[in-house]
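Visitor: Numbering (mature numbering (1 follows the signal peptide of the UniProt record, and there is no 0)), first residue to last: -43 to -1, 1 to 148.
Note that the Cβ used here is the ideal one computed from N, Cα and C, for glycine as well.
Once you've had a glance at the structure underneath, I'll fire off some questions.
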């Protein structure tokens, strides 16, 4: 019998001597400390929020998210690809009807209901359409306009980034008339 053998040859497992876990721990602890130091040194780096922007308007709220990732069949995914979805501002009922008509039919009535429930006399809707892997969106007030910001992780490459629609509601109070929506580069989004 070998010195470290437990005699349990039936399982093919060999027991390590009792000091082996201590050696493994001694090797793992410095690696964990190194990882923690690297994480703290790079905190705040990456895509994040653009300089000069606030990181999200406190008067905005996410109403609903629809995503191609919920498609159950090839036909459903094709319908998402064919849909005439675009980033837009929705400030009246006609624009809301246009938004809802642009959605793929796989987005059913229950999933549309949150948008229909928004009181457009009190709030406007900001609709962001983007391919989502690790990305996330938020809305910011940028002087006299609203800005849709898509935060991206430039260090991540995805095999698939499903088309995603985020609908944000923003309180009208304090917004200028007319309301302008800009993308994150500051370019006005066509009405």
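1) Should residue 128 be flagged as near chain D, meaning a C-beta pair shorter than 7 Å?
2) In the DSSP assignment, find the beta strand (DSSP E) that holds residue 18 and state where it starts and stops.
3) Whose C-beta lies closer than 6 Å to the C-beta of residue 85 among residues of the same chain, with five residues either side of it excluded?
4) Relative to the C-alpha of residue 27, which residue among 42, 145, 61 is closest?
5) Suppose only complete runs of 3+ residues qualify. What are the beta strand (DSSP E) ranges in the segment 65 to 115, listed by chain order?
6) Would you tell me roughly how many angstroms separate the C-alpha atoms of residue 39 and residue 102, rounded to the nearest one?
7) For the beta strand (DSSP E) containing residue 46, name the first residue and the last one.
8) By the DSSP assignment, the alpha helix (DSSP H) with residue 142 in it spans what residues?
9) In whole angstroms, give me the CA-to-CA distance for residue 75 and residue 58.
10) Once you ignore the five residues that flank residue 24 on each side, which residues in its own chain have a CB closer than 6 Å to its CB?
11) Anyone know if the C-beta pair for residue 126 and residue 82 falls short of 7 Å?
12) DSSP beta-bridge partners for residue 126?
Guide: According to the structure shown:
1) In summary, chain D is missing from the structure at hand, where a single protein chain is found.
2) Numbered from its first residue, the chain shown carries residue 18 at position 61. Taken as a continuous stretch (DSSP letters only), the beta strand (DSSP E) holding residue 18 covers 17 to 24.
3) Numbered from its first residue, the chain shown carries residue 85 at position 128. So the list reads 44, 94, 105, 123, once near-sequence residues are dropped.
4) Mapped onto the chain shown, residue 27 falls at position 70. Checking every option, the nearest Cα to that of residue 27 belongs to 61.
5) 80 to 88, 93 to 99, 102 to 108
6) Numbered from its first residue, the chain shown carries residue 39 at position 82. Numbered from its first residue, the chain shown carries residue 102 at position 145. Rounded to the nearest angstrom, the two C-alpha atoms are 30 Å apart.
7) Position 89 of the chain shown, counted from the first residue, corresponds to residue 46. Residue 46 -> beta strand (DSSP E) spans 45 to 47.
8) In the chain shown, the residue the question calls residue 142 occupies position 185. No alpha helix (DSSP H) holds residue 142; DSSP gives it neither H nor E.
9) Here residue 75 is taken as the residue at index 118 of the chain shown, counted from 1. Here residue 58 is taken as the residue at index 101 of the chain shown, counted from 1. Going from the Cα of residue 75 to the Cα of residue 58 covers about 17 Å.
10) On the chain shown, position 67 is the one that residue 24 refers to. For residue 24, where only same-chain residues beyond five positions count, the Cβ hits under 6 Å are 119, 121.
11) On the chain shown, residue 126 is found 169 positions in, with the first residue counted as 1. On the chain shown, residue 82 is found 125 positions in, with the first residue counted as 1. The answer is yes: Cβ separation under 7 Å.
12) Here the question's residue 126 lines up with position 169 in the chain shown. Answer is 18, 82.
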